[in-house]
Each structure stands twice: as C-alpha cells, then as structure tokens.
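In full-length UniProt numbering, the protein residues as written are 1 to 195.
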Amino acid sequence: MPARSTSPSTAVSSAKTSPDSLSLVAQLVKALDDKKAGDLRVLSVGEHSSITDYLILASGQANTHLRALRIEAERTLDAAGAPIAGIESGDESGWIVFDAYQIMIHLFMPEQREVYQLEQLWRDADEIDVEKLLNPPKPKAPAKRKTATKKTAAKKTAAKKTAVKKKAPAKKAVAVKKVAKKAAAKKTTVKKKSA
1 MPARSTSPST AVSSAKTSPD SLSLVAQLVK ALDDKKAGDL RVLSVGEHSS
51 ITDYLILASG QANTHLRALR IEAERTLDAA GAPIAGIESG DESGWIVFDA
101 YQIMIHLFMP EQREVYQLEQ LWRDADEIDV EKLLNPPKPK APAKRKTATK
151 KTAAKKTAAK KTAVKKKAPA KKAVAVKKVA KKAAAKKTTV KKKSA
C-alpha cells in the first residue's frame with residue numbers, strides 16, 4: 001500500500017478531531033448492508049492504533065460478491081470526498097483491504113475471515129453497535145415552552161376577570177340609577193298627591 005502523506009501521530013490527532021469519521025463509518029456500513037454484506041462489525045481502534053481510528057469488517061459469499069462490496073465501498077468513499085490511500089486485493093485471494101486513513105475496511109470470504117481472525121487481534125478495541133449505525137435514534141423534537149403558554153393563559157384569564165369586574169359595577173350603577181329614578185318618581189307622585 002502507498003505510504004501516508006502524514007505522520008502517524010498527525011493522522012491520529014486529525015482523525016480524533018474530525019466529527020465526520022463516524023458519520024462516514026455509518027454511511028459505509030449502510031452501503032455494505034444494502035449489498036448484503038455478512039457479519040458486519042465496526043471496531044473503534046483509535047486508542048490502540050497510530051494509523052487508523054475505525055476498522056470495518058464484513059464478509060462476502062463469493063468473489064463476485066466481494067467485488068460488488070468493494071465497488072460499493074469505493075463509491076461511498078468517493079461520494080463523501082474521502083481520500084483513499086490504497087486498495088489491496090489479490091486475484092481470488094478472498095480478502096480486500098481499503099485504507100481510507102481514519103477508516104480501514106476489510107472485506108473477507110468467510111474462510112479467510114476465520115483464518116485471520118481480526119476480531120481476536122483487536123479484542124481490546126471497543127465495538128460499535130452496527131444496529132445503531134444502521135438505525136440511529138431520531139432526535140427529539142424541541143420541548144414546547146409550557147411556561148409561556150401558562151403565562152398567556154393566565155393573562156387571558158386575568159383579562160376576562162377584569163372585564164367581568166368592570167361590567168359588574170356598571171350594571172349595579174344602572175340598577176342604582178333605576179332605583180333612584182323610581183324613588184324620585186314616587187316622591188314627585190307623593191308631592192303631587194299632597195299638593
């Protein structure tokens with residue numbers, strides 16, 4: 001494989017600061033899963049390796065299946081604009097390796113995967129749940145402001161009470177005026193009768 005253009009320590013430090021690495025891993029996992037890759041596994045090896053952060057391991061059922069997986073992985077990396085340092089595959093070897101700097105992809109025939117046992121070699125690495133990469137949790141909708149609604153409702157209720165209070169004294173005043181008019185009318189009637 002061609003040598004990297006950066007030193008191993010630079011490659012690791014830039015990889016750890018790149019938030020796109022894990023999203024690219026998720027894209028690759030989805031692409032390989034769509035092509036029916038078997039036994040997909042993702043290992044986070046950044047703490048144990050100076051050359052890469054993630055290993056993607058997958059199996060194909062035949063050499064033609066491996067080629068299809070290789071083509072799909074290459075398309076995904078190209079679409080993401082990710083540089084590929086190299087691809088190694090021997091004719092009918094049953095093992096294809098991609099070096100995409102922060103991500104290395106190993107595509108195997110089941111027999112070769114059993115022989116090389118990369119999962120055992122990297123047993124200290126953290127395994128990333130492939131199901132979570134394939135079906136990430138949906139972000140929660142932002143919580144509605146309940147306090148604003150309560151304040152608005154409280155203002156409306158207060159406005160209604162104020163309106164009711166203002167109207168009530170007005171009715172009493174009208175009633176008082178009617179009573180006063182009746183009393184005045186009685187007085188005038190009494191005065192007219194006595195006169």
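Ideal placement from N, C-alpha and C gives every residue a C-beta, glycine not left out. No experiment lies behind these values; they were computed from the predicted model shown.
Using 8 angstroms for Cβ pairs, my map puts residue i next to residue j. What's the rounded Cβ distance?
i     : j      : result
Leu57 : Leu118 : 6 angstroms
Near residue i, which residues of its chain fall below 6 angstroms by C-beta distance, leaving aside the five closest residues on each side in sequence?
i      : result
Ile55  : A small correction: the amino acid at residue 55 is Leu; Ile does not occupy that position in the sequence shown. Leu43, Val45, Met104, listed in sequence order.
Gly90  : none
Ile84  : Leu77, Ala100
Pro139 : none
How about residue i and residue j: do their beta carbons lie closer than 8 angstroms?
i      : j     : result
Arg70  : Ile96 : yes
Gly86  : Asp99 : yes
Leu133 : Ala68 : no
Gln61  : Gly81 : no
Glu92  : Asn63 : yes
Thinking just about the alpha-carbon of each residue, which of the options is nearest to the one in residue i?
i      : options                     : result
Asp129 : Ile51, Val29, Gly86         : Val29
Asp20  : Glu47, Lys35, Asp53, Asp39  : Asp53
Leu73  : Glu111, Leu24, Asp91, Ser49 : Reading the sequence as shown, one finds Ala at residue 73 and not Leu. Closest option to Ala73, Cα to Cα, is Leu24.
Leu66  : Asp99, Pro110, Arg41, Glu47 : Pro110
Ser49  : Ser89, Leu121, Ala62        : Leu121
Ser59  : Tyr101, Leu107, Lys35       : Leu107
Asp126 : Arg41, Asn135, Lys35        : Arg41
Ala35  : Tyr101, Thr76, Leu22        : Residue identity differs from the one stated: residue 35 is Lys in this sequence, not Ala. When each option's Cα is compared against that of Lys35, the closest is Thr76.
Got a sec? Which residues, its chain only, sit under 8 angstroms from residue i by beta carbon, not counting five neighbours each side?
i      : result
Gly94  : Asn63, Leu66, Phe108, Met109, Glu111, Gln112
Tyr116 : Trp95, Phe108
Pro136 : Ala26
Could you tell me whether the Cβ of residue i comes closer than 8 angstroms to any Cβ of chain D?
i     : result
Gly81 : The structure shown has no chain D; it contains just one protein chain.
Skipping 5 residues on each side, what residues in its chain have a beta carbon closer than 7 angstroms to that of residue i?
i    : result
Ser5 : In this predicted model, Ser5 has a pLDDT of only 35, less than 50, meaning its place in the structure is not dependable enough to derive any value.
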